[in-house]
Amino acid sequence: MGKNEMLVSFLGTLFSPAGKRGALSILIFHRVLARPDPIFPDEPDAQRFDALLSWIGEAFNVMPLDRAVAALVEGRLPARAAAITFDDGYADNYTVALPILQKHRMNATFFVATDFLDGGRMWNDTVIEAVRGYEGETLDLTHLGLGRFEIRTPEERRNAIQSLLPAIKYLPAVERSAQVTAIGEVTRRPLPDDLMMTSDQLRALRAAGMVIGGHTCSHPILARIDDDAAYREIADGKQRLEHILSEPVSLFAFPNGKPGKDYEAKHVRMVRDAGYRAAVSTSVGAARRDTDVFQLPRFTPWDRTSLRFGLRLVDNMRVRGSSPHEGAAHHLPSRGGGAALAVSSTAARAAVPLSDGSDGMTCHYYAANSMLAWRQSGGDWADAAGARSEDHPMRSRWFRPPRHCRGSSSTSRRWPTIGRSARRPRCPLPPRSPGRQIGHRQFSEPRARERHGAS
Ligand SMILES: [Zn+2]
215 MGKNEMLVSF LGTLFSPAGK RGALSILIFH RVLARPDPIF PDEPDAQRFD
265 ALLSWIGEAF NVMPLDRAVA ALVEGRLPAR AAAITFDDGY ADNYTVALPI
315 LQKHRMNATF FVATDFLDGG RMWNDTVIEA VRGYEGETLD LTHLGLGRFE
365 IRTPEERRNA IQSLLPAIKY LPAVERSAQV TAIGEVTRRP LPDDLMMTSD
415 QLRALRAAGM VIGGHTCSHP ILARIDDDAA YREIADGKQR LEHILSEPVS
465 LFAFPNGKPG KDYEAKHVRM VRDAGYRAAV STSVGAARRD TDVFQLPRFT
515 PWDRTSLRFG LRLVDNMRVR GSSPHEGAAH HLPSRGGGAA LAVSSTAARA
565 AVPLSDGSDG MTCHYYAANS MLAWRQSGGD WADAAGARSE DHPMRSRWFR
615 PPRHCRGSSS TSRRWPTIGR SARRPRCPLP PRSPGRQIGH RQFSEPRARE
665 RHGAS
């Protein structure tokens, strides 16, 4: 284990110890591409997924989600417990992700929308593939009220896709489908019919020991359809999977998954009534013993270094997933807001990831940042603190070592403290983005990587 993994493990154990105070970090993926996509360079490909699993395997204890949920409820999670999930049922989950999971001896849970099995395609992929394949330099969709796009480079194609998808995502299903069809008529390109798994691939995934969960039939935004239709989507999807797999299916993932926006409290009851045992959302955070098992939060960092990836996962353990019963303000995606680990210019020489100070209050990074700065400055605490004092007026006094590290001469040398204040002062900076008050600190939700299209 490298130094970075040791640091992440150490901090992870502080925030996610074994037993009743344990936290379950559930990671969410969609696709794992065989090779990088020039239009979506951030989508994980095989090589990057392999690296991610190495990092996760070094610092976390990955469990099958069904067993992890049981352990969470019973208060017997291991330290740094994690589960891996995939949404939607892409064929590359079987062809690309499965062999990599097997190489790392890891289990994952795959939430499958049944309408797209055996040759189907999700609406967002129709848009993506239509724009990808269009041979013109300008895509004119003004007659659809969607605008006109230059699409000469992969970046321009990505920008066009990223304008189109949000514009039609929340339309009523019939209207959305009409718009998608109309876009396809403009681009006139043959579209792939092998993006999603076949029933045989799904059975093979299960036979390889992976867990399969429900994700409705047609992937509707439940909050936008009537109650009867919502229940049928939830229950029929379960039944179809059970028919294919010849066994009960007990886990569910809410399509899109933002509490209060994509599903409501009544949909949580429907999932329970349909016979599911637990469900996951896309609210960020880690699950604790008192988290609703029908709304377990999920989060995947998009960072490209193991240290930042690990620290962001640790940070995410401090956030509790929101539920539809809470106020709606928290649930809106904090695009452009939320916490971010960015390299501060004043600390760049030590390459210390810091909250950027302008992007919500992120005092909860401070312990991790302080240790990191100290370590990266070669153990010179004054230098480390000095490098960052301009970034945050309270930083040099903020961090105190955990109680069990104080006292002994060896640990007090390794865990130096600046200042003697035992009480942590209130942070003087006002919160900026939708944050939540936990104790005396303002937390912003870590920004999840925006997914292009359906979730
Ligand atoms: Zn989905």
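Each residue of the sequence shown is one higher than the one before, starting from 215 at the first, in my numbering. The beta carbon of each residue, even a glycine, is placed where N, CA and C say it ideally should be.
Residue i - DSSP class collapsed to helix/strand/coil
i	result
S230	coil
M220	helix
L409	coil
I632	Any reading at I632 is ruled out, since the residue's pLDDT is 35, under 50, leaving its predicted position unreliable.
R362	strand
Y445	helix
P515	coil
P252	coil
Y580	Note on Y580: pLDDT 41, under 50, position unreliable in the model; the coordinate value appears next. Helix at Y580.
Y308	helix
T505	coil
A601	In this prediction, A601 scores a pLDDT of 35, lower than 50, which makes its location untrustworthy; the coordinate-derived value is nonetheless stated afterwards. DSSP places A601 in helix when its eight states are reduced to three.
F300	strand
N184	Residue 184 falls outside the range modelled here, since the chain spans only 215 to 669, and no answer is possible.
F468	coil
V425	strand
L225	helix
D280	helix
I242	strand
V494	strand
A488	coil
D354	strand
L385	coil
A293	coil
D440	coil
P380	helix
L476	Strictly speaking, residue 476 in this sequence is Asp, with Leu absent from that position. D476 falls in the coil class under three-state DSSP.
Residue i: CB within 7 Å of a non-hydrogen atom of ligand 1
i	result
D329	no
H481	no
D301	yes
P515	no
P473	no
P386	no
H357	no
P434	no
P469	yes
H318	no
H429	yes
Beta-carbon gap between residue i and residue j smaller than 8 Å
i	j	result
M277	A295	yes
S239	L465	no
D301	M336	no
V341	V394	yes
V494	T299	yes
F243	T514	yes
L321	G423	The residue asked about is misnamed: residue 321 is Asn in this sequence, not Leu. Their beta carbons are under 8 Å apart, which means N321 touches G423 by this criterion.
A467	G427	yes
N470	T430	no
L358	A327	no
L331	M215	no
A479	G398	no
L241	I314	no
Y477	L436	yes
L455	V400	no
V482	F508	yes
T323	L279	yes
Y304	L379	no
M484	A443	no
Assumed close pair residue i, residue j - CB separation to whole angstroms, cut-off 8 Å
i	j	result
L419	L312	6 Å
G226	L291	Going by Cβ atoms, the distance from G226 to L291 rounds to 12 Å, so no, they are not a contact pair.
A387	P462	Contact flag wrong, Cβ pair sits at about 29 Å.
E257	S520	Their Cβ separation, rounded to whole angstroms, is 19 Å, which puts E257 and S520 out of contact at 8 Å.
A374	I365	5 Å
I253	R402	With 8 Å as the limit, I253 and R402 do not qualify as a contact, their Cβ atoms being about 19 Å apart.
R503	G289	6 Å
D264	L247	With a Cβ gap of about 12 Å, D264 and L247 do not count as contacting.
N530	A492	With a Cβ gap of about 19 Å, N530 and A492 do not count as contacting.
S198	D329	Past the boundaries of the shown model lies residue 198; the chain is included only from 215 to 669, so the question cannot be answered.
Q) What are the complete alpha helix (DSSP H) segments, minimum 4 residues, inside the region 317–352? A) 337–347
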